[in-house]
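Trainee:
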Amino acid sequence: MASFLTAFDAQLAKYLEQLEQLKEKNQGQRLFQPSFWLQQTDFDVAREVFVAATGTIGHTVTKFSLVYSKTPSKEEASSICEALGKPCEQLLAATNVALFCGAGPSLATEIINDAIRLIKSVHDLAKAIEKGDLARVPQLTGRVWEYSTSRVSKSNCVASKRSMLQCITMLNSTVDELKEFLAEQEEGESPGAALVEVEQDDEFGFDSSLTKEERTLFQSGLKLLSMCAAIMKRGVLTIKKLTITNDQDAFLKWTAKLDVSYTAAQDAIVDFGAALYPPIGIDELDEAVNELNSSATVILACLKEMPELASTEEDALVSKHGGLDRPCGGWAVPGKPSAQELEDVIKTYAERLQTPPFLPHMTVLSGVKALSAEEVTVKLSELADSMHVLDVEIQTLTFKDELYFQCVFGLLKLTSELRQAHGRAKEVYAVERKEEFMPHVSFIYGDLASEARAELAKELQPQLDGRLQKMDKLQLWRTLGPVESWELGCCGRRVKKWRTQFLSFVVVKLATVQLWIFVASP
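Okay, structure coming up:
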């Protein structure tokens with residue numbers, strides 16, 4: 007038994023050493039870069055094994071806690087370690103696989119930190135048992151159980167947003183505390199509650215009031231933090247609204263860089279906030295200002311480097327051919343008055359939830375790329391001429407977890423007519439898609455919690471369930487980047503069967519040129 011405990015202790019120490027090395031590679035060398043945004047099969051499998059291993063460890067210590075007394079014998083306590091050996095090994099293996107399946111910096115941090123916390127808690131338990139400190143076993147098994155609940159995000163998208171929002175929350179809390187302290191100073195009241203707690207009846211003996219000069223510095227510092235907050239909020243909103251696919255390597259690298267810049271800014275925010283409290287040290291504040299300025303500058307520079315905004319040369323090259331090489335989607339859209347009714351629903355919830363509004367549509371085909379200006383018109387006309395007006399029926403209101411653009415949507419009845427339209431669109435645009443076609447009409451875009459999505463779908467169900475719509479127009483939209491930047495590329499019609507349209511001018515915006523495409527109805 008003693009030899010087993012010694013060997014188990016050594017094995018856990020080795021696991022911890024390997025995990026610390028992975029942590030250094032992530033934080034110091036930035037080894038782990040994202041290769042997917044929302045979903046990747048290999049990572050999903052590795053994460054499932056990771057979660058299963060942590061769950062097994064938690065279940066094991068719970069079982070032993072229920073079976074044995076509060077002061078188990080050494081043999082009983084040792085049996086806990088024997089049962090934990092295999093799941094600890096599986097946890098380390100799953101950690102390595104998940105990290106090298108495209109986890110970015112924040113997702114890698116979550117995985118590594120969860121693994122370290124859990125393995126370390128098991129290690130502490132094993133050491134206590136080996137030393138005969140059996141009275142601590144209940145406490146230590148409780149700690150193992152606490153850390154066995156996996157907090158690992160399901161994607162780089164979720165992990166990056168979570169990390170960046172934590173930074174914003176810290177910054178907002180710092181700003182709020184400073185504003186509260188300044189208000190108390192201006193009202194001539196006693197120092198704020200936070201300072202009262204720290205001082206403990208003037209235990210540290212420093213003056214917490216601001217002099218006239220310090221007040222000026224304090225107010226300027228507060229303004230600087232507020233400016234940083236505005237910059238950082240912009241970054242979070244940009245990430246939340248982006249549509250990123252796994253083949254957009256430049257965007258994936260950019261999100262990782264932005265994510266890291268937010269993480270690096272957290273220490274600067276804390277140091278700057280602390281430096282503003284009296285008595286203010288000029289040297290300390292000067293150093294804190296430089297650190298905060300440096301962090302904010304890096305974030306701002308990264309925002310400016312967003313691939314879509316830094317593609318002037320690429321767009322100039324494309325403009326020589328007068329076309330679009332950005333991802334586009336072919337939409338079927340309803341005619342009036344149905345379109346107005348659905349648009350009102352979308353707009354109402356967008357205003358209520360502070361999410362982006364958009365036009366009601368059903369995506370016939372996504373991922374359309376590499377179109378010249380002429381192809382935009384010709385191919386859409388070709389598709390329209392081969393299709394009938396689409397009669398669609400909303401079967402149910404539902405949602406998908408974590409997917410921004412399928413937050414809440416109406417699932418359409420998959421008819422042979424819709425299958426044919428999707429298949430014909432793939433032929434016309436030469437797009438190969440293995441994913442199963444799921445026709446739907448979205449009503450809410452957003453990064454909402456699963457519970458909120460479910461409640462909203464339930465709320466919309468009576469109003470929209472079973473509704474019939476006629477989709478009588480085709481449109482091609484450029485759908486890269488935030489919803490607000492989506493651009494209409496072209497409109498088409500079905501001869502005799504599609505609603506007649508007037509002559510229209512369609513603006514296709516590129517970074518450096520505006521290309522006007524004249525679309526005429528025959």
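Quick note, the sequence shown lines up with residues 7 to 528 if you use the working numbering. By construction, the Cβ of each residue, glycine as well, lies at the ideal position given by its N, Cα and C atoms.
1. Helix, strand or coil for His446, going by three-state DSSP, please let me know.
2. Bridge partners of Val414, per DSSP?
3. So, using beta-carbon positions, are Gly336 and Leu482 closer together than 8 Å?
4. In three-state terms, what does DSSP make of Ser372?
5. Alpha carbon to alpha carbon, what distance is there between Arg484 and Cys173?
6. With distances taken between CB atoms, is the gap from Ile63 to Cys94 smaller than 8 Å?
7. Relative to the alpha-carbon of Phe415, which residue among Tyr451, Arg425, Gln346 has its alpha-carbon at the smallest distance?
8. What's the C-alpha gap between Lys612 and Pro468?
9. Let me make sure I understand the geometry here. Which of Leu113, Pro111, Ile237, Trp151 has the alpha-carbon closest to that of Asp130?
10. Secondary structure at Lys259, three-state DSSP: helix, strand or coil?
11. Jot down the residue ranges of each uninterrupted alpha helix (DSSP H) in the stretch 259-311, minimum 4 residues, whole runs only, in chain order.
12. So is Arg505 buried or exposed if we call it buried at 16+ other beta carbons inside 10 Å?
13. Put Trp337 into one of helix, strand or coil per three-state DSSP.
14. Please name the residue, chosen from Ser79, Arg53, Ala132, Lys133, that lies closest to Gln96 on a Cα-to-Cα basis.
15. Short of 7 Å in beta carbon distance, which residues of its chain neighbour Ala132, apart from the five on each side in sequence? Order them along the chain.
16. Should Gly288 be labelled buried (16 or more other beta-carbon atoms within 10 Å of its own) or exposed?
17. Taking the beta carbon of Gln233 as the centre, do at least 16 other beta carbons fall within 10 Å, making it buried, or is it exposed?
18. Just the C-alpha distance for Ala256 and Ala271, rounded to the nearest angstrom, thanks.
19. Does the beta-carbon distance from Ile117 to Lys167 come in below 8 Å?
20. Determine the DSSP secondary structure at Ile250, reduced to helix, strand or coil.
21. Mind checking which residues open and close the alpha helix (DSSP H) that includes Thr404?
22. Quick check: what's the CA-CA separation for Glu347 versus His367?
23. Pair every Cβ in the stretch 217-225 with every Cβ in the stretch 238-252, then say whether three or more of these pairs are closer than 8 Å.
24. Nearest by alpha-carbon distance to Leu420: which of Tyr435, Val447, Gln191, Asp407 is it?
25. So Trp483 is in the alpha helix (DSSP H); what residue range does that whole segment cover?
26. In terms of alpha-carbon separation, which member of Val158, Leu44, Leu470, Val374 lies closest to Gly61?
27. For Leu22, which residues of its own chain have a beta-carbon under 8 Å away from its beta-carbon, when the five flanking residues on both sides are left out?
28. So, helix, strand or coil for Glu493, using DSSP?
29. Among Phe449, Leu424, Ala436, which has the Cα closest to the Cα of Glu442?
30. Can you tell me which of the three DSSP states Ser226 falls into?
31. From Thr115, Ile135, Ala58, Thr101, pick the residue whose C-alpha is nearest to that of Ser85; which is it?
32. Whole angstroms are fine: how far does the CA of Lys229 sit from the CA of Thr222?
33. Let me know the secondary structure DSSP gives Trp43 once reduced to three states.
34. Between the C-alpha atoms of Ala99 and Val181, what's the straight-line distance to the nearest angstrom?
35. Quick check on this structure: which residue in Met238, Gly373, Ala114, Tyr153 has the alpha carbon closest to the alpha carbon of Cys163?
36. What did DSSP end up calling Glu461 once you bin it into helix, strand or coil?
Mentor: Considering the structure as presented:
1. As a position in the sequence shown, residue 446 is number 440, starting the count at 1. Looking at His446 - three-state DSSP - the assignment turns out to be strand.
2. In the sequence shown, the residue the question calls residue 414 occupies position 408. DSSP, once it has assigned bridges, lists Ile450 as partnering Val414.
3. Your numbering for residue 336 matches position 330 in the sequence shown. Your numbering for residue 482 matches position 476 in the sequence shown. Yes; because the gap between Cβ atoms is below 8 Å, this pair is in contact.
4. In the sequence shown, counting from the first residue as 1, residue 372 sits at position 366. DSSP places Ser372 in strand when its eight states are reduced to three.
5. Start at 1 with the first residue of the sequence shown, and residue 173 comes out as number 167. Start at 1 with the first residue of the sequence shown, and residue 484 comes out as number 478. One C-alpha to the other measures close to 32 Å.
6. As a working note, residue 63 is residue 57 in the sequence shown. As a working note, residue 94 is residue 88 in the sequence shown. Going by C-beta atoms, Ile63 is nearer than 8 Å to Cys94.
7. Here residue 415 is taken as the residue at index 409 of the sequence shown, counted from 1. Residue Tyr451 is the option with its Cα nearest to Phe415.
8. Because residue 612 is not part of the residues shown, which for the chain are 7 to 528, the question remains open.
9. Numbered from 1 along the sequence shown, position 124 holds the residue referred to as residue 130. The residue with the shortest Cα to Cα distance from Asp130 is Trp151.
10. Within the sequence shown, the letter at position 253 stands for residue 259. Here Lys259 sits in helix by DSSP.
11. 288-310
12. As a position in the sequence shown, residue 505 is number 499, starting the count at 1. Any answer about Arg505 is weak, because its pLDDT of 33 lies below 50 and its placement is not dependable; what the coordinates show is given next. Arg505 comes out exposed.
13. Residue numbering aside, residue 337 sits at position 331 when the sequence shown is read from its first letter. Trp337 falls in the strand class under three-state DSSP.
14. Counted from its first residue, the sequence shown places residue 96 at position 90. Nearest C-alpha to Gln96: Arg53.
15. Here residue 132 corresponds to residue number 126 of the sequence shown, with the count starting at 1. Only Leu11, Phe14, Asp15, Leu18, Cys87 meet the Cβ criterion.
16. The residue you call residue 288 lines up with position 282 of the sequence shown. According to the sequence provided, residue 288 is Ile. The question's Gly does not apply to it. Classification for Ile288: exposed.
17. Here residue 233 refers to the residue found at position 227 when the sequence shown is read from its first residue. Strictly speaking, residue 233 in this sequence is Met, with Gln absent from that position. That one is exposed.
18. Taking the first residue of the sequence shown as position 1, residue 256 is located at position 250. Taking the first residue of the sequence shown as position 1, residue 271 is located at position 265. Between Ala256 and Ala271, the C-alpha separation is close to 23 Å.
19. As a first step, residue 117 is located in the sequence shown; it is residue number 111 there, counting from the start. As a first step, residue 167 is located in the sequence shown; it is residue number 161 there, counting from the start. Their beta carbons are not under 8 Å apart, which means Ile117 does not touch Lys167 by this criterion.
20. Working through the sequence shown from its first residue, we reach residue 250 at position 244. The answer is coil: DSSP assigns Ile250 none of H, G, I, E or B.
21. If you number the sequence shown from 1, residue 404 lands on position 398. No alpha helix (DSSP H) contains Thr404, which is instead part of the beta strand (DSSP E) from 396-404.
22. The sequence position of residue 347 within the sequence shown is 341, counting from 1. The sequence position of residue 367 within the sequence shown is 361, counting from 1. Distance between the alpha carbons of Glu347 and His367: 12 Å.
23. no
24. The sequence position of residue 420 within the sequence shown is 414, counting from 1. Nearest option by C-alpha distance: Val447.
25. Here the question's residue 483 lines up with position 477 in the sequence shown. Segment 474-484 is the beta strand (DSSP E) holding Trp483; no alpha helix (DSSP H) there.
26. On the sequence shown, residue 61 is found 55 positions in, with the first residue counted as 1. It is Val158 whose Cα lies nearest to the Cα of Gly61.
27. Your numbering for residue 22 matches position 16 in the sequence shown. Excluding residues within five positions, the ones whose Cβ falls inside 8 Å are Ile122, Ile125, Lys126, His129.
28. Reading the sequence shown from its first residue, position 487 is the one you call residue 493. Correct three-state label for Glu493: strand.
29. Taking the first residue of the sequence shown as position 1, residue 442 is located at position 436. Nearest of Phe449, Leu424, Ala436 to Glu442, Cα basis: Leu424.
30. Numbered from 1 along the sequence shown, position 220 holds the residue referred to as residue 226. Helix at Ser226.
31. Within the sequence shown, numbered from 1, the residue matching residue 85 stands at position 79. Looking at the Cα atoms, Ile135 is the closest of the given residues.
32. One-based indexing of the sequence shown puts residue 222 at position 216. One-based indexing of the sequence shown puts residue 229 at position 223. Distance between the alpha carbons of Thr222 and Lys229 is about 11 Å.
33. Here residue 43 is taken as the residue at index 37 of the sequence shown, counted from 1. In the structure shown, Trp43 sits in coil (DSSP, three-state: anything other than H, G, I, E or B).
34. Here residue 99 is taken as the residue at index 93 of the sequence shown, counted from 1. Here residue 181 is taken as the residue at index 175 of the sequence shown, counted from 1. Each residue's Cα considered, the two are about 42 Å apart.
35. Taking the sequence shown and counting its residues from 1, the one referred to as residue 163 is at position 157. Of the candidates Met238, Gly373, Ala114, Tyr153, the one whose C-alpha sits nearest the C-alpha of Cys163 is Ala114.
36. Taking the first residue of the sequence shown as 1, we reach residue 461 at position 455. Three-state DSSP puts Glu461 in a helix.
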